[in-house]
Amino acid sequence: MEYLGSKTIETDRLILKAQLMEEQKKLWEILMIPEVNRYFLTVPSKFRDKLKDWNIQEKYYEEEMKHAKDNNVFKWIIFLKETGECIGRISCHEATSENSEITDSNIRGVGWIIDPKYQSRGYGTEASKAMIDFMFLECKIAKIITGAAICNPASWKIMEKSGFERKKETKTIQYTFLDEPTEIYCYELTRDKYLLFNKNS
Ligand SMILES: CC(C)(COP(=O)(O)OP(=O)(O)OC[C@H]1O[C@@H](n2cnc3c(N)ncnc32)[C@H](O)[C@@H]1OP(=O)(O)O)[C@@H](O)C(=O)NCCC(=O)NCCS
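Here is the structure:
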């Protein structure tokens, strides 16, 4: 793959930019909204209290920001073009961070959050399509493997609209802020299938 990093990506209504420290508090506040983190965060539940404490998180984000512009980091803040407001975050990380059996960095996972104030207006779809395009066409990754809670159609609809194929088997995941495991749909999309999907749609 080509390591192009979090290059600025522009769509009709959005600008996706490499992360900046000044937006992290706002993004953390969005992340701490239960309807945002419920089917998103998978860090072990024992970290719940630490996640809720900005003073602890701030240090973690400061460390992360030192690498925000590295060419192997694919994580963007989503800004509204019209107002410049930060409305979410989107990433394409190495799949190995979720599945240690995968060692090939050409195989990636994806993650996206949109501020609930701005959900259901097509921004999630617009940002994810642009990022997926960039990752397959410019960075030339081989494959994306991902999943979404069955009860989180807003996320798996985005995957299906981008051509991801749903696998027959479901999995269960322990999300950070939920007490019970949740059943998820599993999806994958190879570069070849993505190119074919785009050609036919
Ligand atoms: C998933 C998420 C990023 C989608 O962002 P969004 O900007 O609302 O997405 P869109 O407006 O582009 O909508 C995507 C699709 O989901 C549908 N949708 C949106 N909100 C929905 C809801 N609450 N219930 C059911 N479908 C919904 C939309 O109608 C659209 O489908 P369509 O094109 O067939 O009409 C956003 O809901 C979110 O941040 N959720 C919390 C974090 C999360 O779960 N991340 C993903 C973990 S896998």
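Throughout the sequence shown, residue numbering follows my numbering, covering 48 to 248 in sequence. We treat Cβ as the ideally placed atom computed from N, Cα and C, and that holds for glycine. Bear in mind that the values here come from a model prediction, so they are computed numbers and not experimental data.
Paired residues, beta bridge with residue i - DSSP
i, result
"K64", "I124"
"C133", "F126"
"L236", "I191"
"Y156", "Looking at the sequence itself, residue 156 is Gly, so the reference to Tyr does not match. G156 is bridged to H140."
"A256", "Residue 256 lies beyond the range of the chain shown here (48 to 248); nothing can be said about it."
"I56", "L63"
"I161", "G135"
Per-residue burial, residue i [other beta carbons within 10 Å of its own, 16 or more giving buried]
i, result
"L88", "buried"
"L61", "buried"
"M206", "buried"
"S144", "exposed"
"I179", "buried"
"Y170", "buried"
"I80", "exposed"
"S209", "buried"
"S248", "exposed"
Proximity to residue i [Cα-Cα], best of the options
i, options, result
"E76", "G158, A65 and N102", "N102"
"K58", "V90, E230, K208 and F181", "The residue you asked about is not Lys; residue 58 is Thr in the sequence shown. Nearest C-alpha to T58: F181."
"V157", "E212, F121, K204 and G131", "F121"
"T219", "T55, L74, N119 and I197", "I197"
"F183", "E216, P81, E109 and F211", "F211"
"T217", "T193, K240 and Y165", "T193"
Beta-carbon contacts of residue i that lie in its chain and below 8 Å, excluding the five residues immediately before and after
i, result
"T223", "N84, L88, T89, V90, P91, S92, F94, R95 and L98"
"M112", "Q66, L67, M68 and Q71"
Contact set for residue i: own chain, Cβ-Cβ below 6 Å, skip 5 residues either direction
i, result
"C186", "M48, E49 and L51"
"Q221", "P228"
"S152", "E141"
"S175", "W159 and I205"
"A201", "none"
Close Cβ partners of residue i (< 7 Å) along its chain, the five nearest in sequence each way excluded
i, result
"D162", "I77, I134 and G135"
"R155", "C139, H140, E141, A142, M182, I188 and I191"
"A177", "I56, T58 and L63"
Open item on the list: I'd like the ranges of any beta strand (DSSP E) spanning at least 3 consecutive residues and lying wholly in the stretch 200-229.
Closed with: 218-220
Open item on the list: To test your reading of the DSSP string, which unbroken alpha helix (DSSP H) runs of 4 or more residues are found completely within the stretch 79-120?
Closed with: 81-84, 95-98 and 101-112
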